[in-house]
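Right, one structure below, let's go through it.
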Amino acid sequence: LAFISWDGLYRAVGEVGRDMEIPRYCDACFTGEYPIPLTDREADRGPRQLSLLEEG
Numbered sequence: 611l612a613f614i615s616w617d618g619l620y621r622a623v624g625e626v627g628r629d630m631e632i633p634r635y636c637d638a639c640f641t642g643e644y645p646i647p648l649t650d651r652e653a654d655r656g657p658r659q660l661s662l663l664e665e666g
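Residue numbers (the numbering used here): 611 to 666.
So this is what it looks like as structure tokens:
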């Protein structure tokens with residue numbers, strides 16, 4: 611089993627390497643660096659569905 615580096619992945623598609631500031635491709639699945647916050651994975655969030663029961 612072998613793994614390719616991020617730079618190796620970019621070189622495989624003809625790039626010089628991965629630009630750490632502005633990656634040229636979406637590689638968030640491999641790096642974990644997402645361009646926006648993952649709101650569905652924020653910790654300590656309760657259920658978002660409103661209760662269907664009437665309070666009163």
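Glycine is no exception: its CB is placed at the ideal position from the N, C-alpha and C atoms.
query                                                                          : result
Helix, strand or coil at R634 according to DSSP, with G and I counted as helix : coil
Closest Cα partner of E631 within the set F613, E643, A622 and R621            : E643
With 16 other Cβ atoms within 10 Å as the buried cut-off, status of R634       : exposed
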